[in-house]
Each structure stands twice: as C-alpha cells, then as structure tokens.
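Going line by line, the protein sequences match chains A and B.
Under this note's numbering, the first residue of the first sequence carries the number 774, and numbering increases by one thereafter.
Under this note's numbering, the first residue of the second sequence carries the number 23, and numbering increases by one thereafter.
Don't be surprised by glycine CBs; every beta carbon is placed ideally from N, CA and C.
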Amino acid sequence: DTGVSQNPRHKITKRGQNVTFRCDPISEHNRLYWYRQTLGQGPEFLTYFQNEAQLEKSRLLSDRFSAERPKGSFSTLEIQRTEQGDSAMYLCASSNRGSLETQYFGPGTRLLVL
Amino acid sequence: DAKTTQPTSMDCAEGRAANLPCNHSTISGNEYVYWYRQIHSQGPQYIIHGLKNNETNEMASLIITEDRKSSTLILPHATLRDTAVYYCIVRVVDGAGNMLTFGGGTRLMVKP
Chain A
774 DTGVSQNPRH KITKRGQNVT FRCDPISEHN RLYWYRQTLG QGPEFLTYFQ
824 NEAQLEKSRL LSDRFSAERP KGSFSTLEIQ RTEQGDSAMY LCASSNRGSL
874 ETQYFGPGTR LLVL
Chain B
23 DAKTTQPTSM DCAEGRAANL PCNHSTISGN EYVYWYRQIH SQGPQYIIHG
73 LKNNETNEMA SLIITEDRKS STLILPHATL RDTAVYYCIV RVVDGAGNML
123 TFGGGTRLMV KP
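Below, the structure written as structure tokens:
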C-alpha cells in the first residue's frame with residue numbers, strides 16, 4: 774500500500790513529557806500537512822510543508838510544537854512538555870501540486886496525555 | 023471558519039440512495055467543492071471534488087447547482103460501511119498549497 778502512513782498509531786504519555794510523531798507521505802507528493810482533531814470536532818490545520826520548507830503555521834501551533842521535514846520526504850511533529858489539552862488525534866496529509874492538490878490523509882496518531 | 027453549512031445528522035436505509043446537502047452561498051469563482059468522509063477513528067477519506075460541473079466516480083456523485091451556492095453528494099446504494107461523518111469543504115486551488123477548513127460535517131447513519 775503506498776498511502777500516507779503515520780507512526781505510532783497510539784501514544785499515551787504523562788503530562789510534561791515530550792512526544793514525537795512521524796508521517797510518511799505518498800511518494801512523490803511534495804506537500805505535507807499536519808492537522809489536529811479533538812473529540813467531536815473536525816480536523817484543524819496546524820502547518821504545512823512544500824518539500825522541506827515549512828510555509829505556513831497556524832496560531833494553534835504553540836511554541837511547544839515543532840515540525841520538520843528535513844529531506845522533503847517524511848515529517849516529524851514534536852510536542853514538548855505535553856499538557857492534557859494536547860490530547861487529540863494528529864493527522865497527516867499529503868498532496869501533489871500538479872494534481873489539483875487533493876490531500877490524502879493518513880490514519881492518524883491518537884495522543885492521550887495523562 | 024468553515025464556509026459551508028451541513029445538517030448535523032442524517033439517516034439512510036441500507037441499499038437506498040443517500041443524498042447529503044451542503045450550502046456554500048459565499049463560494050468564490052476559484053473555489054472548488056470537496057467532499058471527505060471520516061469513519062470512526064480513521065483519517066478522513068477523499069471522496070470527490072468539483073468546480074461547477076457535476077462529477078461522478080466509483081464512490082459517489084456530486085451535483086453542484088448552477089449558481090454554485092449549494093451541492094449534494096449522492097451515495098447511490100448506501101451500505102452499512104458508509105456510516106461516517108461527511109465533510110463538505112470549499113477550497114481555493116491556486117497552486118499555493120491551501121489547507122482544508124473542516125466544519126462539523128454530517129453524521130450519516132446507514133441502517134439495515
């Protein structure tokens with residue numbers, strides 16, 4: 774299967790710990806997006822990359838959040854000093870600029886902060 | 023904020039057509055209508071998109087009104103596996119990598 778993959782699928786951590794999530798986009802997709810989804814709500818945009826450049830960040834992305842896409846392939850999203858309010862599903866999507874930019878989503882990483 | 027309005031929930035009998043409406047009265051000329059769905063605990067799944075013409079693929083049909091202020095997603099023969107939250111999204115496609123802005127969506131329950 775060559776879809777978007779995310780790891781881990783689930784993460785339980787204690788408040789104050791750091792966590793890192795990984796997203797592997799569809800190969801040859803040059804755009805990669807991160808979204809966050811809390812229970813009962815639709816996904817909300819966090820940030821996006823075109824190749825290795827981070828081009829846009831939402832105000833939801835506080836200083837404790839950092840995202841990278843070092844070689845323009847996979848991406849990581851790190852949350853430092855986690856808080857209970859960070860508990861959510863973190864979704865990754867990728868798109869190809871040349872195909873009307875339809876975004877395809879991964880299965881998500883569900884984070885629970887205790 | 024989402025630029026679309028959808029009913030909160032709908033029911034449909036298995037085997038019947040499911041017609042999901044969406045209002046987007048402030049849509050701009052360069053904005054497409056996209057539909058995604060999200061089955062419980064999974065990532066959103068792309069269904070279909072259109073600009074002004076009706077579109078059909080293996081999953082669904084998209085009917086866009088002539089004034090483009092509303093659209094309807096049609097699942098011709100709904101199955102239990104179509105139970106999901108369906109999101110209607112309007113989005114500019116101009117090469118700038120625009121994000122998707124999700125609203126609350128419509129929770130479709132397909133019943134036996």
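Limits of the unbroken beta strand (DSSP E) element including residue i
{"i": "Leu850 of chain A", "result": "Ser848 to Ile852"}
{"i": "His46 of chain B", "result": "Run containing His46 of chain B: none; DSSP gives neither H nor E here."}
{"i": "Ser31 of chain B", "result": "Ser31 to Ala35"}
{"i": "Gln827 of chain A", "result": "Ala826 to Lys830"}
{"i": "Gly72 of chain B", "result": "Gln67 to Gly72"}
{"i": "Lys133 of chain B", "result": "Thr128 to Lys133"}
Listed by chain order, chain B residues near residue i by CB distance under 7 Å
{"i": "Leu834 of chain A", "result": "In chain order: nothing, as chain B lies at least about 12 Å away."}
Residue i at chain B interface by Cβ criterion, 8 Å
{"i": "Gly881 of chain A", "result": "yes"}
{"i": "Tyr877 of chain A", "result": "yes"}
{"i": "Glu851 of chain A", "result": "no"}
{"i": "Leu864 of chain A", "result": "yes"}
{"i": "Glu825 of chain A", "result": "no"}
{"i": "Phe818 of chain A", "result": "yes"}
Identity of the residue in the options nearest residue i by Cα
{"i": "Thr101 of chain B", "options": "B:Glu77, B:Val132 and B:Ile111", "result": "B:Val132"}
{"i": "Pro816 of chain A", "options": "A:His802, A:Glu825 and A:Ser831", "result": "A:Ser831"}
{"i": "Thr30 of chain B", "options": "B:Ala39, B:Glu36, B:Gly37 and B:Asn45", "result": "B:Asn45"}
{"i": "Ser83 of chain B", "options": "B:Gln60, B:Asp116, B:Ala40 and B:Ser47", "result": "B:Ala40"}
{"i": "Arg809 of chain A", "options": "A:Ser868, A:Arg870, A:Ile852 and A:Glu874", "result": "A:Ile852"}
{"i": "Gly72 of chain B", "options": "B:Ser93, B:Leu122, B:Gln60 and B:Pro43", "result": "B:Ser93"}
{"i": "Arg870 of chain A", "options": "A:Arg782, A:Glu801, A:Ser846 and A:Leu850", "result": "A:Glu801"}
{"i": "Gly51 of chain B", "options": "B:Thr128, B:Asp116, B:Leu130 and B:Phe124", "result": "B:Asp116"}
{"i": "Thr875 of chain A", "options": "B:Gly127, B:Asn76, B:Gly126 and B:Val114", "result": "B:Val114"}
{"i": "Gly125 of chain B", "options": "A:Leu887, A:Phe818 and A:Thr786", "result": "A:Phe818"}
{"i": "Arg59 of chain B", "options": "A:Arg883, A:Gly879, A:Leu884 and A:Leu887", "result": "A:Gly879"}
Interface partners of residue i on chain A, CB under 9 Å
{"i": "Gln64 of chain B", "result": "Phe878, Pro880 and Gly881"}
{"i": "Met81 of chain B", "result": "Going along chain A, no residue has its Cβ under 9 Å from Met81 of chain B, so there is no contact; the nearest lies around 13 Å."}
Under 7 Å by beta carbon: chain A residues contacting residue i
{"i": "Gly125 of chain B", "result": "Gly815"}
{"i": "His99 of chain B", "result": "Per Cβ cutoff of 7 Å: no residues; His99 of chain B is ~24 Å from chain A at best."}
Interface flag, residue i vs chain A, CB-CB below 8 Å
{"i": "Leu122 of chain B", "result": "yes"}
{"i": "Tyr108 of chain B", "result": "no"}
{"i": "His46 of chain B", "result": "no"}
Closer than 7 Å: residue i CB and nearest the ligand NAD heavy atom
{"i": "Pro98 of chain B", "result": "By its list of ligands, the structure shown contains no ligand whatsoever, and the ligand NAD lies outside what it can speak to."}
Partner residues on chain B for residue i, Cβ-Cβ distance less than 9 Å
{"i": "Phe838 of chain A", "result": "Those within 9 Å of Phe838 of chain A in chain B number zero; the least Cβ separation is about 16 Å."}
Report yes or no: do the segment 105–119 of chain B and the segment 52–64 of chain B share at least 3 C-beta pairs separated by less than 8 Å? yes
Contact between the segment 25–42 of chain B and the segment 810–828 of chain A: three or more CB pairs below 8 Å? no
If contact is defined by three or more beta carbon pairs under 8 Å, each pair taking one atom from either stretch, is the segment 91–100 of chain B in contact with the segment 856–867 of chain A? no
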